[in-house]
Amino acid sequence: SSGSKVMQTRAVEFAQKHNIPFEVRSTFSTKSGTSVKKKVKSLEDTLVSGVAIDKNQVRVSITELPDRPGAAAAIFKVMADAGVVVDMIVQNVARNGKANLTFTVPSEDAFRAEKALKEHLADESSGKLGKSTNIAKVSVVGVGMRSHSGVASTFFEALANAGINMLMISTSEIKISVAVSPDQGDEATRVAHVAFGLGK
Numbered sequence: 033s034s035g036s037k038v039m040q041t042r043a044v045e046f047a048q049k050h051n052i053p054f055e056v057r058s059t060f061s062t063k064s065g066t067s068v069k070k071k072v073k074s075l076e077d078t079l080v081s082g083v084a085i086d087k088n089q090v091r092v093s094i095t096e097l098p099d100r101p102g103a104a105a106a107i108f109k110v111m112a113d114a115g116v117v118v119d120m121i122v123q124n125v126a127r128n129g130k131a132n133l134t135f136t137v138p139s140e141d142a143f144r145a146e147k148a149l150k151e152h153l154a155d156e157s158s159g160k161l162g163k164s165t166n167i168a169k170v171s172v173v174g175v176g177m178r179s180h181s182g183v184a185s186t187f188f189e190a191l192a193n194a195g196i197n198m199l200m201i202s203t204s205e206i207k208i209s210v211a212v213s214p215d216q217g218d219e220a221t222r223v224a225h226v227a228f229g230l231g232k
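Those letters in the sequence shown? Residues 33 to 232, per the numbering used here, in order.
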């Protein structure tokens, strides 16, 4: 709509409709001109660029954790001292002065994590160690997803429609992750691919 109007409008529309690249050049020079072609999707345009699955995760649960400052910090200090990397974390709302804390660790660190926690929770006044369970972590990955509406709802709705229950959720600026039952990990990955039009 602006510029020197050197191209006939319908010719430009035809090229755009049929994805035909063209070059605008000067009639007074043999130098290259301006190439016009279909816009390539930038990284910013692609909110979800991939789906990842990690089947080597274990969910660790602590019940009856005292609802006081420092209780959760003490748990994660125990994990840090044991060299255990903690991933997803969920703490429930406290009732009667007690809360439940759940987090995931790599499968290879599970035994070390449980051993350290059993020692820390020996008198049960700091909480009780629940049964650890295997989980699959499925993540949709992209740029700036947390600041864009609709990504989480699309992901969660796709899982719900497939009958997949989310055990835990975590978000960051570049990914949204859910923990699901190990036997539903592959299906969760598949429906996420479909929901975001990936793998075409």
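Backbone N, C-alpha and C fix where the C-beta goes; we use that ideal spot for every residue, glycine too.
Whose C-beta lies closer than 7 Å to the C-beta of residue i among residues of the same chain, with five residues either side of it excluded?
i: Pro214; result: Lys87, Asn166, Ile167, Ala168
i: Ala227; result: Thr186, Phe187, Ala190
i: Ala142; result: Val90, Ser164
i: Asn124; result: Ala131, Asn132
Can you list, in chain order, the residues of its chain whose CB lies under 8 Å from that of residue i, leaving out five sequence neighbours each side?
i: Val137; result: Gln89, Val90, Val92, Met111, Val116, Val117, Val118, Asp119, Ala145
i: Val223; result: Ala190, Leu191, Asn193, Ala194, Ile196
i: Ala24; result: Nothing can be reported for residue 24: it is not among the residues displayed for the chain, which extend from 33 to 232.
i: Ser157; result: Pro98
i: Ser64; result: Glu55, Arg57
i: Lys150; result: Leu161
i: Glu140; result: Asn88
i: Glu219; result: Ala194, Ile196
Cβ atoms of residue j and residue i: under 8 Å apart, would you say?
i: Ile206; j: Val175; result: yes
i: Val170; j: Thr221; result: yes
i: Thr134; j: Met198; result: no
i: Glu55; j: Thr66; result: yes
i: Lys160; j: Ile94; result: yes
i: Ala148; j: Ala114; result: yes
i: Gly217; j: Ile85; result: yes
What would DSSP say about residue i, mapped onto helix, strand or coil?
i: Ala168; result: strand
i: Lys207; result: strand
i: Lys147; result: helix
i: Asn51; result: coil
i: Thr66; result: strand
i: Arg222; result: helix
i: Gly159; result: coil
i: Asp99; result: coil
i: Ser93; result: strand
i: Ala184; result: helix
Which term fits residue i, buried or exposed, when burial requires 16 or more other beta carbons within 10 angstroms of its beta carbon?
i: Ile52; result: exposed
i: Ser181; result: exposed
i: Ala211; result: buried
i: His152; result: buried
In chain order, what residues of the same chain have a beta carbon less than 6 Å from the beta carbon of residue i, not counting five sequence neighbours either side?
i: Val122; result: Thr134, Met200
i: Val80; result: Val172, Gly174, Phe228
i: Ala233; result: For the chain, the structure presents residues 33 to 232; residue 233 sits outside this window and is missing.
i: Gly129; result: Asp99
i: Pro101; result: none
Fully enclosed by the region 101-143, which alpha helix (DSSP H) runs are 4 residues long or longer? Unbroken alpha helix (DSSP H) runs of no fewer than 4 residues, entirely contained in the region 101-143, are found at 103-113, following chain order.
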